[in-house]
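If you read the sequence shown in the numbering used here, its first letter stands for residue 14, the second for the next number, and so on. We put the CB at the ideal spot given by N, CA and C, even for glycine.
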Amino acid sequence: MKLNLNYQNVKDSYLFSTIAKKVSAYSETHPDKKVIRLGIGDVTLPLCPAVIDALHAATEEMGKQESFHGYGPEQGYDFLRDAIRTYYAGHGVTLDADEIFVSDGAKSDVGNILDLFATDNTVLVPDPVYPVYVDTNIMAGRKILYMNANAENGFLPMPDSTVDAEIIYLCSPNNPTGAVYDRQQLAAWVAYAEEKGAVILFDAAYEAFITDPALPRSIFEIKGAEDCAIEFCSFSKTAGFTGTRCGYTVVPKKLTAGGMSLNKMWLRRQTTKFNGVPYIVQRGAAAVFTPEGQRQITENIGYYRENARAIAACLDELGIWYTGGKNSPYLWLRCPNGMASWDFFDFLLERAHVVGTPGAGFGENGEGFFRLTAFGDRDATREAIERIKRVLS
Ligand code: MLT
Numbered sequence: 014m015k016l017n018l019n020y021q022n023v024k025d026s027y028l029f030s031t032i033a034k035k036v037s038a039y040s041e042t043h044p045d046k047k048v049i050r051l052g053i054g055d056v057t058l059p060l061c062p063a064v065i066d067a068l069h070a071a072t073e074e075m076g077k078q079e080s081f082h083g084y085g086p087e088q089g090y091d092f093l094r095d096a097i098r099t100y101y102a103g104h105g106v107t108l109d110a111d112e113i114f115v116s117d118g119a120k121s122d123v124g125n126i127l128d129l130f131a132t133d134n135t136v137l138v139p140d141p142v143y144p145v146y147v148d149t150n151i152m153a154g155r156k157i158l159y160m161n162a163n164a165e166n167g168f169l170p171m172p173d174s175t176v177d178a179e180i181i182y183l184c185s186p187n188n189p190t191g192a193v194y195d196r197q198q199l200a201a202w203v204a205y206a207e208e209k210g211a212v213i214l215f216d217a218a219y220e221a222f223i224t225d226p227a228l229p230r231s232i233f234e235i236k237g238a239e240d241c242a243i244e245f246c247s248f249s250k251t252a253g254f255t256g257t258r259c260g261y262t263v264v265p266k267k268l269t270a271g272g273m274s275l276n277k278m279w280l281r282r283q284t285t286k287f288n289g290v291p292y293i294v295q296r297g298a299a300a301v302f303t304p305e306g307q308r309q310i311t312e313n314i315g316y317y318r319e320n321a322r323a324i325a326a327c328l329d330e331l332g333i334w335y336t337g338g339k340n341s342p343y344l345w346l347r348c349p350n351g352m353a354s355w356d357f358f359d360f361l362l363e364r365a366h367v368v369g370t371p372g373a374g375f376g377e378n379g380e381g382f383f384r385l386t387a388f389g390d391r392d393a394t395r396e397a398i399e400r401i402k403r404v405l406s
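1) Which parts of the segment 252 to 306 are runs of the beta strand (DSSP E), unbroken and 3 residues or longer, counting only runs that do not cross its ends?
2) Does the distance from the CB of residue 142 to the CB of residue 382 come in under 7 angstroms?
3) Considering just the uninterrupted stretch of the alpha helix (DSSP H) at residue 203, what are its terminal residues?
4) Alpha carbons only, please: which of 390, 349 and 384 is nearest the one belonging to residue 404?
5) Can you look up residue 327 in the DSSP assignment and give me helix, strand or coil?
6) Grab the span of the alpha helix (DSSP H) containing residue 34 for me, first residue to last.
7) By the three-class DSSP mapping on this structure, what secondary structure does residue 222 have?
8) Just verifying my parser: in three-state terms, what is the DSSP assignment at residue 139?
9) Provide the residue span of the alpha helix (DSSP H) that contains residue 120, from first to last.
10) Locate the alpha helix (DSSP H) running through residue 146, then write down its first and last residues.
11) Do you know offhand how far residue 327's Cα is from residue 406's?
12) Taking the C-alpha atoms as reference points, what is the distance between residue 52 and residue 155?
13) Which residue comes first and which comes last in the beta strand (DSSP E) that contains residue 53?
14) Going along the chain, which residues of its own chain have a beta-carbon closer than 8 angstroms to the beta-carbon of residue 28, five neighbours each way excluded?
15) Less than 8 angstroms between the CB atoms is what I'm expecting for residue 182 and residue 158, so what's the real figure, rounded?
16) Mind checking residue 132: buried by the 16 CB within 10 Å criterion, or exposed?
17) Following a CB-centred definition, is residue 54 positioned closer than 6 angstroms to any heavy atom of ligand 1?
18) Between residue 323 and residue 67, is the Cβ-Cβ spacing less than 7 angstroms?
19) Does the Cβ-Cβ distance between residue 204 and residue 241 come in under 7 angstroms?
20) Restricting to runs no shorter than 4 residues, where is the alpha helix (DSSP H) found entirely within the segment 344 to 383?
21) Tell me which same chain residues have a C-beta within less than 7 angstroms of the C-beta of residue 336, skipping the five on either side of it?
22) Once the 5 residues before and after residue 85 are set aside, which same chain residues still bring their CB inside 7 angstroms of it?
23) Using the Cα positions of residue 277 and residue 249, report the straight-line distance between them to the nearest angstrom.
24) State the DSSP-derived secondary structure class of residue 317, mapped to helix, strand or coil.
25) Given that a residue counts as buried once 16 or more other Cβ atoms are within 10 Å of its Cβ, and exposed if not, what is residue 101?
26) Tell me the rounded alpha-carbon separation between residue 317 and residue 150.
27) Under the three-state reduction of DSSP, which class applies to residue 161: helix, strand or coil?
28) Ignore the nearest five residues each way along the sequence and tell me which others in residue 209's own chain have a CB closer than 8 angstroms to its CB.
29) Thinking C-beta only, is residue 63 closer than 7 angstroms to residue 309?
30) Closer than 6 angstroms by C-beta to residue 123: which residues in its own chain qualify, once you throw out the five before and the five after it? Chain order, please.
31) Determine the direct distance from the alpha carbon of residue 218 to that of residue 119, and round the result to whole angstroms.
32) Roughly how many whole angstroms lie between the Cα atoms of residue 140 and residue 83?
33) Residues bridged to residue 116 by DSSP?
34) Please report the distance separating the alpha-carbon of residue 201 from that of residue 161.
35) DSSP three-state call for residue 107: helix, strand or coil?
36) Is it the case that the CB of residue 187 approaches a heavy atom of ligand 1 more closely than 6 angstroms?
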């Protein structure tokens, strides 16, 4: 038996597992301290009533012979794919239902999609970056090139035509930096991908946090993207599905290479390796697109936006440089007093009992930066802000 030796090249532990371990160790030795978690981007508000009603109704259906559902279509039920299609049409993107594949979340699909690509493709990722893009490619042994995202370019690196790559990862609104590409910038990326014969893997998991109508929510708002991009999205951050699990991936039928259709390949892959998302969960997800569902999730997103605004006001008051927090649930700040990311992590944990995510965990360019999320409970977020102000003023 031979093992995949590429696993020797990934870090021993996934970033958020490392943080969770550190925080549990701290809590065990300091049981009297109330730790506030603004680290992993996990939501705190419950599922909205429209989703809960749909989950209950679907559960009832599953208990009756005449409405029971066994195996479903691996690519998702039509009722959910149609709802997603209509949602995209709402921001000017025309899709066919069979270009939409329902999944258990963007993270899984961002990794799984790599089944379609040879291991000798070169991958281009921004640094700092969501670690899943990097780790999944290291596991497959692909060569990875990093592009510098930094304060100078607003953490929005642009294509460099002297660099050759075949698989490009973009995330906008960005995790971890909260920076958002505008239409012109995304058009430049589409042009680059077309020139290089590359594919853009576009992570739109945070699109619902965009308030500025001029900013694109989908790469498919950009002309030509349907020839060179795949988009990943999720109900996790939009509708509180981090524990319920549902997302979707859009693979346009126009996306082909060497005479092969990526849409067909992905369907073949999913029908072989995936049994689909539970019927009950898909009914819950479809309820997100009903008028009540939209109203309720907009209210929840507004709650997180208000948290982001309050954290941003705190950073402004302390004179700390940051990006994000406006069209994004993440705030990406420069560690005060020139501290290194993990030192600031320890400082905040020990002095304020507040957990954030060290920028260095997202790549070399993240060193000296730190990420806070707006997904916390309102009172806990306010309390964290007060504590941060106390230890930094
Ligand atoms: C994060 O904190 O970066 C996200 O919650 C991770 C994820 O969505 O997998």
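In short, the structure shows the following:
1) With a minimum length of 3 residues, the unbroken runs of beta strand (DSSP E) contained wholly in the segment 252 to 306 fall at 260 to 263.
2) Not a contact, by the Cβ cut-off of 7 angstroms.
3) Segment 196 to 209, the alpha helix (DSSP H) holding residue 203.
4) Selected option, being the one with the closest Cα: 349.
5) Helix, per DSSP.
6) Residues 28 to 42.
7) In this structure, residue 222 counts as helix in the three-state DSSP scheme.
8) Three-state DSSP puts residue 139 in a strand.
9) Following the DSSP letters along the chain, one finds residue 120 inside the alpha helix (DSSP H) bounded by residues 119 to 125.
10) Taken as a continuous stretch (DSSP letters only), the alpha helix (DSSP H) holding residue 146 covers 144 to 153.
11) Rounded to the nearest whole angstrom, the C-alpha separation of residue 327 and residue 406 is 11 angstroms.
12) The alpha-carbon atoms of residue 52 and residue 155 are separated by roughly 29 angstroms.
13) Element bounds for residue 53: n/a, residue is neither H nor E.
14) These residues qualify, in order along the chain: 144, 370, 374 and 375.
15) That belief does not hold up - the Cβ atoms of residue 182 and residue 158 are roughly 11 angstroms apart, past 8 angstroms.
16) Classification for residue 132: exposed.
17) Distance from the C-beta of residue 54 to the nearest heavy atom of ligand 1 is below 6 angstroms.
18) Using a Cβ distance threshold of 7 angstroms, residue 323 and residue 67 do not count as a contacting pair.
19) Contact check for residue 204 against residue 241 fails: the beta carbons are separated by 7 angstroms or more.
20) Counting only runs of 4 or more, we get 354 to 360.
21) So the qualifying residues of the chain are 167, 168, 190, 191, 192 and 345.
22) Contacts found: 289 and 292.
23) Approximately 26 angstroms, taken between the alpha carbons.
24) Secondary structure at residue 317: helix, using DSSP grouped into helix, strand and coil.
25) Buried is the call here.
26) Near 32 angstroms, if we compare the C-alpha coordinates of residue 150 and residue 317.
27) In this structure, residue 161 counts as strand in the three-state DSSP scheme.
28) Leaving aside the five residues that flank residue 209 on each side, the residues in its chain whose CB is nearer than 8 angstroms to its CB run, in chain order, 177, 178 and 179.
29) Residue 63 sits close to residue 309, with the two beta carbons spaced by under 7 angstroms.
30) For residue 123, same chain residues with a beta-carbon under 6 angstroms away, outside a window of 5 residues either side, are 145 and 245 in chain order.
31) Their backbone Cα atoms lie some 7 angstroms apart in a straight line.
32) Taking the straight line joining both Cα atoms gives about 43 angstroms.
33) Bridge partners of residue 116: 260.
34) Distance between the alpha carbons of residue 201 and residue 161 is about 17 angstroms.
35) DSSP places residue 107 in coil when its eight states are reduced to three.
36) No.
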